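Residues 1 to 199 (the UniProt record's numbering) are what the sequence shown spells out, left to right. Report on the following structure.
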Amino acid sequence: MSKGAVVLLDCWANPFCLRAKIALAEKGVEYEARAENLFGGKSDLLLKSNPINKKVPTWPSPPLLPSRAYGTAKTRFWADFIDKKVFDAVCNIRKSKGEVPETAKNEFIEILKQLEGALGEKDFFGGDSFGFVHVIAIPLTCWFYAVEKFGGVKVENECPKFSAWMNKCMQRDTVARILPDPEKVYEFVIMLRNMFGIE
Numbered sequence: 001m002s003k004g005a006v007v008l009l010d011c012w013a014n015p016f017c018l019r020a021k022i023a024l025a026e027k028g029v030e031y032e033a034r035a036e037n038l039f040g041g042k043s044d045l046l047l048k049s050n051p052i053n054k055k056v057p058t059w060p061s062p063p064l065l066p067s068r069a070y071g072t073a074k075t076r077f078w079a080d081f082i083d084k085k086v087f088d089a090v091c092n093i094r095k096s097k098g099e100v101p102e103t104a105k106n107e108f109i110e111i112l113k114q115l116e117g118a119l120g121e122k123d124f125f126g127g128d129s130f131g132f133v134h135v136i137a138i139p140l141t142c143w144f145y146a147v148e149k150f151g152g153v154k155v156e157n158e159c160p161k162f163s164a165w166m167n168k169c170m171q172r173d174t175v176a177r178i179l180p181d182p183e184k185v186y187e188f189v190i191m192l193r194n195m196f197g198i199e
């Protein structure tokens with residue numbers, strides 16, 4: 001598989017773009033990142049690149065999913081859980097007007113505690129190495145500083161094992177060089193809230 005000609009349509013703080021960057025870095029695939037304007041129209045390249053009707057190259061090695069069906073199913077379950085639960089909980093706090101409701105804070109912490117329970121005493125989700133669940137979860141963690149600022153929730157105090165896992169993953173080279181500064185993300189959230197009239 002050619003390592004050239006990979007173009008990533010990018011938004012620096014978007015967790016979905018960050019996932020793609022981390023996955024490509026884990027696989028050693030070089031790419032050109034092109035900033036996409038989230039608040040304007042879609043670029044011609046984005047419109048032309050719709051993968052629904054086209055073949056999309058894949059890089060099978062190193063694998064991000066476990067080789068056995070049971071491991072793959074568990075991994076996909078937790079990835080879906082993170083997409084539906086963690087992402088929504090972060091958005092609920094980010095979009096709250098005025099003081100963040102206790103229910104939103106409690107929901108966020110309960111979701112992280114469920115992930116903490118799934119992690120158990122292991123260093124990695126679903127196996128012995130960094131993989132798909134990490135690629136899905138870690139980009140959301142750079143938004144946690146904004147959650148802490150707006151919601152008054154301290155992840156490190158409430159979920160110490162999850163926090164330790166998160167910090168360990170953030171030290172990984174493929175993650176550390178890609179994740180944006182959480183304070184910069186917080187400023188971006190303030191800008192979004194102002195733009196949408198959220199006080």
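Heads up, the beta-carbon is just placed ideally off N, CA and C, and yes, glycines get one too. Predicted model, so just to flag it, every value in this text is computed and none were measured.
Exercise. Thinking C-alpha only, which one of Ala79, Ala13, Ala5 is nearest Tyr186?
Worked result: Ala13
Exercise. What three-state label does DSSP hand Val153 in the structure shown?
Worked result: coil
Problem set entry | Whole-angstrom C-beta distance between Leu140 and Phe87, which should lie under 8 Å | 6 Å
Exercise. How about Leu179 and Leu18: are their beta carbons less than 8 Å apart?
Worked result: yes
Exercise. Can you pull the DSSP bridge partners for Arg34?
Worked result: Leu9
Exercise. Using a Cβ-Cβ cut-off of 7 Å (strictly less than) and excluding sequence neighbours within five positions of Glu116, which residues of its own chain qualify?
Worked result: Cys159, Lys161, Phe162
Problem set entry | Host alpha helix (DSSP H) of Ile111 (start-end) | 102–119
For this session: Compute the beta-carbon to beta-carbon distance between Glu133 and Phe125, rounded to the nearest angstrom, for a pair I have assumed lies under 8 Å.
Result: It should be noted that the sequence gives Val, not Glu, for residue 133. Between Phe125 and Val133 the Cβ distance is about 4 Å, and since that is below 8 Å, they are a contact.
Problem set entry | Cys169, DSSP secondary structure in three states | helix
Problem set entry | Among Pro101, Lys122, Phe130, the one whose alpha carbon lies nearest that of Val153 | Pro101
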